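For reference, the structure discussed in these notes is given below.
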Amino acid sequence: MSALNAKLGRDLWRMKGQALAIGLVISMGVMMQVMMSGLVASLTETRDAYYERYRLAEVFAPVVRAPEHVATRLSQVPGVAAVETRVTASARVDVPGRDLPVAARAISLPDRSRARLNDIHMVAGRMFDPTRPEEIVLLDSFAVAQGIGVDDSLGVTLNGVSHDFRVVGLAASPEYLYYSAPGELMPDDARFAVIWMGRSALAAATQMGGAFNEALFSLARGASEPEVLSRLDAILEPYGGPAAFGRGDLFSDHFVTQELSGLVASSTAVPPVFLAVAAFLLYIVISRLVQSEREEIGLMKAFGYTSTEVSIHYMKLVLAIAAGGALAGCLFGIGAGRAMVQVYLQFFKFPFLVFRLDPASFAIGVSASVTAASAGGLLVLRRVFALAPAEAMRPPAPADYSRAGKAFSGIARWLDQPSRMVLRRITRQPGRMVGAVIGIAAGMGLTLSMITLMAGFERTLDLSFTVLDRSDATVVFYGATSPAAVTRLRRIEGVTVAEPFRQVAVIMSNGRRSHKGAITGLTESPQLGRAIGPDYLPIDLPERGIVITPALADILGVGAGDMLTVEVREGAQPVLRLPVAAVAQSLLGSPAYMDLDALNRAMGQGPRASGAYLRIDEDRRTEVHSALKDMPGVAGISLKDDARIAFETIMNTGAGSTRYVMGLIAFIITFGIVYNAARVAQAERARDLASLRVIGFHTGETAFVLLGELAVVVLVALPIGSLMGHFLSSAVAKGFSTELYQIPAMFMPSSHGAAALIVLVAALTSGWIVKRDIDRAELISALKTRD
Amino acid sequence: MKDLDQRTTTFSTRGLTKVYGEGHSAVHALRGVDLDIGRGEIVVLLGPSGSGKSTLLNILGGLDRASAGSATYEGDSLTDMTDRALTTYRRDHVGFVFQFYNLMPSLTARENVELVTEISRNPMGPDEALELVGLKERVDHFPAQLSGGEQQRVAIARAVAKQPAVLFCDEPTGALDSSTGRAVLRVLRDVNDRLGTTILIVTHAAATAAMADRVIHFADGAIREVVVNETRTPPEEIHW
Ligand SMILES: Nc1ncnc2c1ncn2[C@@H]1O[C@H](COP(=O)(O)OP(=O)(O)OP(=O)(O)O)[C@@H](O)[C@H]1O
Ligand SMILES: [Mg+2]
Chain A
7 MSALNAKLGR DLWRMKGQAL AIGLVISMGV MMQVMMSGLV ASLTETRDAY
57 YERYRLAEVF APVVRAPEHV ATRLSQVPGV AAVETRVTAS ARVDVPGRDL
107 PVAARAISLP DRSRARLNDI HMVAGRMFDP TRPEEIVLLD SFAVAQGIGV
157 DDSLGVTLNG VSHDFRVVGL AASPEYLYYS APGELMPDDA RFAVIWMGRS
207 ALAAATQMGG AFNEALFSLA RGASEPEVLS RLDAILEPYG GPAAFGRGDL
257 FSDHFVTQEL SGLVASSTAV PPVFLAVAAF LLYIVISRLV QSEREEIGLM
307 KAFGYTSTEV SIHYMKLVLA IAAGGALAGC LFGIGAGRAM VQVYLQFFKF
357 PFLVFRLDPA SFAIGVSASV TAASAGGLLV LRRVFALAPA EAMRPPAPAD
407 YSRAGKAFSG IARWLDQPSR MVLRRITRQP GRMVGAVIGI AAGMGLTLSM
457 ITLMAGFERT LDLSFTVLDR SDATVVFYGA TSPAAVTRLR RIEGVTVAEP
507 FRQVAVIMSN GRRSHKGAIT GLTESPQLGR AIGPDYLPID LPERGIVITP
557 ALADILGVGA GDMLTVEVRE GAQPVLRLPV AAVAQSLLGS PAYMDLDALN
607 RAMGQGPRAS GAYLRIDEDR RTEVHSALKD MPGVAGISLK DDARIAFETI
657 MNTGAGSTRY VMGLIAFIIT FGIVYNAARV AQAERARDLA SLRVIGFHTG
707 ETAFVLLGEL AVVVLVALPI GSLMGHFLSS AVAKGFSTEL YQIPAMFMPS
757 SHGAAALIVL VAALTSGWIV KRDIDRAELI SALKTRD
Chain B
517 MKDLDQRTTT FSTRGLTKVY GEGHSAVHAL RGVDLDIGRG EIVVLLGPSG
567 SGKSTLLNIL GGLDRASAGS ATYEGDSLTD MTDRALTTYR RDHVGFVFQF
617 YNLMPSLTAR ENVELVTEIS RNPMGPDEAL ELVGLKERVD HFPAQLSGGE
667 QQRVAIARAV AKQPAVLFCD EPTGALDSST GRAVLRVLRD VNDRLGTTIL
717 IVTHAAATAA MADRVIHFAD GAIREVVVNE TRTPPEEIHW
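These protein sequence lines map, in sequence, to chains A and B.
Numbered by the numbering used here, the letters in the first sequence go through residues 7 to 793 in order.
Numbered by the numbering used here, the letters in the second sequence go through residues 517 to 756 in order.
This is the structure we're talking about:
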């Protein structure tokens with residue numbers, strides 16, 4: 007059928023603008039799908055490879071002090087594949103030019119061999135020489151953030167003694183992809199350091215000769231982690247310290263997993279929305295396209311082509327566009343996925359990349375677009391076939407406007423002829439108009455949901471750092487300390503308020519659901535760190551019971567009034583049964599609050615505080631900082647401004663950052679939809695428009711007939727788009743919420759205005775392009791042939 | 517004899533009726549047409565605009581369905597055929613020249629002809645058909661590059677190229693000057709002579725009637741008068 011194929015090729019060429027716009031929309035939907043799934047697959051794969059190459063331990067068992075020979079017993083525990091012991095210590099690092107000390111962790115590496123577990127990846131310089139105790143290797147990301155280089159010297163306080171160390175190398179470690187300063191939620195490269203040194207040197211500095219205070223384990227294939235944990239706890243009981251924990255509870259891994267699951271969530275929630283909108287649009291456009299070909303279909307049927315032959319011809323056309331768009335989408339998706347992976351590589355600090363594509367995403371993307379296109383084509387073809395060929399091909403097929411006249415004749419009397427044409431067309435062919443309206447509304451909904459999402463991120467930041475946390479700084483002590491430390495803080499000149507809090511590591515459970523986290527004890531009617539209710543008013547913490555956040559309530563499946571089992575993982579490790587007193591509002595993390603006195607009573611250690619929230623006199627900032635720096639017992643100080651920046655960084659570079667790409671895609675789709683609506687209308691009316699010109703209408707008046715229609719369609723679409731966006735927003739916001747932060751989907755008139763503005767700009771641009779074409783159109787050829 | 521009648525009759529209609537729309541706005545395009553057309557006949561249909569000529573042609577050509585009455589082709593009932601059977605009928609037996617040229621704008625003259633010959637059983641070559649209508653030089657032009665008359669000639673080439681058993685021509689010369697018109701009529705006559713094709717021509721040019729075996733005068737959806745020509749005038753001798 008060479009003639010038909012020639013027709014196919016030329017038809018595609020003729021409608022190239024429109025085909026391109028349709029292809030673009032569908033390619034954006036598919037691209038999103040491919041990009042996000044490729045991103046998740048690659049990052050997961052890379053993380054696993056990194057862990058494996060540097061032998062990250064699967065179980066960590068911290069103790070107070072255990073003699074080295076215990077390691078032999080540990081290695082005999084069934085399920086344990088390898089054991090490594092090490093010495094670790096809290097430290098403080100003095101960074102030149104910074105008035106606050108930086109909390110640090112010193113970690114030993116074997117003197118004579120490479121670490122069996124938790125090896126490090128040298129980035130610059132060399133390994134320390136175990137015979138030179140002053141040589142250390144520094145965590146690369148901290149060094150970069152603080153501008154410290156190889157061969158610099160570094161003042162480190164270990165066990166109360168100051169040392170002058172020399173940095174001989176910079177390294178990265180899968181154990182410390184992410185880390186946060188003590189007491190902080192968000193990781194921050196600049197405010198926590200890790201130093202690696204020889205085992206004997208660190209043991210000498212911390213009086214740990216012949217002993218270890220942390221054991222690392224890898225597990226045999228098929229070993230049960232909980233069983234191993236309880237066996238290890240039994241052996242290590244006499245040596246003190248908190249219980250052993252699995253890799254999943256390591257801060258760094260937990261965070262990486264959180265971010266990855268954030269990506270997974272947004273990659274499963276958002277791309278299908280985009281794909282569905284694109285597919286729906288494709289359906290509408292294809293059905294209009296086939297509709298506009300009805301004369302040619304009638305003609306082919308008159309010659310004796312069967313319905314099947316005609317269908318195949320049009321399906322080829324439709325599939326060429328849909329499959330072309332989908333394929334382009336796959337290619338874009340691979341490209342964008344690669345680019346995004348590079349960004350995330352830096353974010354996660356993976357030293358290398360394993361790029362993976364998810365074949366299922368190609369299949370989903372391509373089949374969704376092809377199905378939508380075929381459905382659109384087939385449905386209309388069926389309608390066309392139902393007509394007798396004579397009917398289908400009745401030449402210029404003047405549509406029957408007689409019915410439209412009646413209802414609107416009253417209005418029409420007041421309008422000029424072009425306006426009447428617009429009005430009649432809209433009222434006479436509501437089906438086509440509805441399609442265009444829904445298409446544009448869907449595009450606006452998509453854009454609106456993305457704008458709402460962006461605003462939601464802003465909102466989360468604002469709420470967290472102005473309403474929830476009103477302190478200027480947070481001080482964290484080494485462990486739970488007597489309240490005298492807080493009194494000392496109050497005495498510092500410039501500290502106007504110091505409010506103690508206590509943080510206790512716990513496992514909360516309800517039946518089989520459980521969550522490892524912390525309970526924060528707050529003073530009565532606090533000023534600075536507060537639990538806030540859904541109405542943004544502070545909640546009074548009850549004498550008995552616990553206040554949790556919605557994210558936690560979700561995880562544990564409880565509400566106010568339900569009982570929770572709380573296993574404390576510190577001190578005497580009591581197990582508490584506590585009622586949920588209220589569910590508080592929080593957009594950051596999933597904290598749980600208790601009354602400080604009640605918490606202290608439950609812990610049975612007398613009054614204790616693990617830190618304090620401070621309000622600081624702005625003018626005395628530097629004095630306060632230097633006073634804090636020299637204060638014994640202070641493990642770390644975090645300034646709210648720093649914390650806010652750290653948080654912003656995470657939201658803008660982590661899983662949340664895909665919102666920008668998605669926003670851009672939403673905009674492209676919206677534009678494609680509007681442009682398509684204008685183009686289809688133009689294609690359907692080329693002949694009418696040429697006739698108008700011939701009669702003597704000016705190009706402007708002629709364009710008005712077409713653009714007037716577009717304007718009405720867009721105006722009708724705006725409120726519908728607002729509504730669609732409102733519902734899409736909650737789905738999208740949910741997709742972007744993680745355990746670390748929750749993004750609210752708020753109704754904000756300004757977001758709706760912005761989305762409407764984007765649609766209007768798209769409409770104006772499309773209208774301008776189409777008008778330019780009308781101005782240039784060759785009258786004669788448009789009249790001579792049907793088009 | 518009845519049997520013999522049936523063999524020589526290509527089309528036969530009885531009480532053929534076509535109503536567009538319904539109720540108040542119903543238009544009676546055909547009001548009970550009884551007509552027999554013999555095999556190999558050239559029939560010219562004359563009549564005022566809106567009298568139902570195109571409607572009759574469309575129904576006999578299997579493009580549209582009657583509202584009532586019957587129409588048969590070679591003894592087969594067109595009015596009872598399924599859509600599929602109608603398609604096969606058109607594909608295997610019928611050629612059309614439409615009142616409006618109805619060319620595919622995206623195909624060249626040759627390709628427009630090929631569109632039909634590709635699905636025909638016994639077609640002539642597309643170039644041969646175009647040569648027949650004097651468009652040998654323009655085979656690679658698109659409809660938009662051709663004059664109205666040239667487009668009409670492509671349409672005729674397209675209709676005769678499949679060498680159909682019956683040919684329906686709706687105002688084939690309406691847009692042509694008289695000498696081109698004569699050439700087109702000559703082509704139709706040749707096809708009729710060579711292949712015995714039954715031809716039905718709708719026209720407003722009364723002079724064309726001279727080339728027919730029979731002339732049917734149409735008015736208001738019904739046959740007014742049938743004139744049988746003793747001899748058919750060769751197209752070259754027709755003037756209008
Ligand atoms: N789809 C339709 N709906 C309603 N009425 C129709 C339709 N098609 C044709 N008619 C009406 O049927 C009648 C016959 O139309 P037809 O096209 O057969 O006329 P015609 O004799 O071919 O006229 P002309 O010489 O102008 O081509 C006309 O009154 C016309 O208005
Ligand atoms: Mg007619």
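Just so you know, even glycine gets a beta-carbon here, dropped at the ideal spot from N, CA and C.
Please read all numbers here as calculations on a predicted model, not as lab measurements.
Integer Cβ distance of residue i from residue j, believed to fall under 8 Å
i, j, result
"A:A322", "A:L26", "It should be pointed out that residue 322 of chain A corresponds to Lys in this sequence rather than to Ala. Between A:L26 and A:K322 the Cβ distance is about 18 Å, and since that is not below 8 Å, they are no contact."
"A:T555", "A:S596", "5 Å"
"A:I806", "A:V108", "For chain A, the structure presents residues 7 to 793; residue 806 of chain A sits outside this window and is missing."
"A:V718", "A:I327", "Not really, about 27 Å apart at Cβ, beyond 8 Å."
"B:T724", "B:I754", "6 Å"
"A:V291", "A:E715", "Not a contact, Cβ separation roughly 16 Å."
"A:T676", "A:A768", "6 Å"
"A:E499", "A:R626", "6 Å"
"A:P139", "A:A207", "4 Å"
Contact with chain B by residue i, beta-carbon distance below 8 Å
i, result
"A:R16", "yes"
"A:Y311", "yes"
"A:K3", "Because chain A is modelled from 7 through 793, residue 3 of chain A falls outside the range shown and cannot be assessed."
"A:A395", "As written in the sequence, residue 395 of chain A is Pro, which differs from the Ala given in the question. So yes, A:P395 belongs to the interface."
"A:H8", "Sequence check: residue 8 of chain A is Ser here, not His. Cβ-Cβ to chain B under 8 Å: yes for A:S8."
"A:R691", "no"
"A:E302", "yes"
"A:K22", "no"
"A:A461", "no"
"A:K740", "no"
"A:K13", "yes"
Among the options, the one whose alpha carbon lies nearest that of residue i
i, options, result
"B:A726", "B:G737, B:T747, B:H720, B:V718", "B:T747"
"B:N638", "B:A675, B:G556, B:F527, B:S586", "B:A675"
"B:E627", "B:N618, B:G650, B:D656, B:Y617", "B:D656"
"A:S43", "A:V481, A:R362, A:Q611", "A:R362"
"B:I575", "B:H720, B:T588, B:G566", "B:T588"
"B:P564", "B:P688, B:A735, B:R710", "B:A735"
"A:A615", "A:F134, A:S644, A:R508, A:D625", "A:R508"
"A:Y542", "A:R465, A:R496, A:A486", "A:R465"
"A:P73", "A:R122, A:G85, A:E58, A:A217", "A:A217"
"A:S48", "A:L208, A:Y184, A:A345", "A:A345"
"A:L459", "A:I749, A:H75, A:R59, A:V89", "A:I749"
"B:R730", "B:K534, B:L546, B:V535, B:G554", "B:G554"
"A:A504", "A:F742, A:G535, A:E654, A:F471", "A:G535"
"A:M481", "A:Y619, A:G153, A:A240", "Reading off the sequence, residue 481 of chain A comes out as Val, not Met. Looking at the Cα atoms, A:Y619 is the closest of the given residues."
"B:A681", "B:G611, B:L704, B:L573", "B:G611"
CB contact check: residue i to chain A, cutoff 8 Å
i, result
"B:F612", "yes"
"B:R654", "no"
"B:T635", "Before going on, a small fix: residue 635 of chain B reads as Ile here, not Thr. Output row for B:I635: interface = yes."
"B:R606", "yes"
"B:N638", "no"
"B:S622", "yes"
Handout entry: the region 603–616 of chain B / the region 307–323 of chain A touching (three or more Cβ pairs under 8 Å)
Key = yes
Exercise for the section: Mind the definition here: the region 265–285 of chain A touches the region 37–48 of chain A only if three or more C-beta pairs lie below 8 Å; say whether that holds. Expected result: yes
Problem - Neighbourhood of ligand 2 [Cβ distance below 6 Å to any heavy atom], ordered by chain position - result: By the rule of a C-beta closer than 6 Å to any heavy atom of ligand 2, the residues picked out are B:K569, B:S570, B:Q615, B:D686.
Exercise for the section: Would you check if there are 3 or more beta carbon pairs closer than 8 Å linking the region 100–115 of chain A to the region 194–214 of chain A? Expected result: Taking 8 Å as the limit for Cβ pairs, the verdict is that the region 194–214 of chain A does touch the region 100–115 of chain A.
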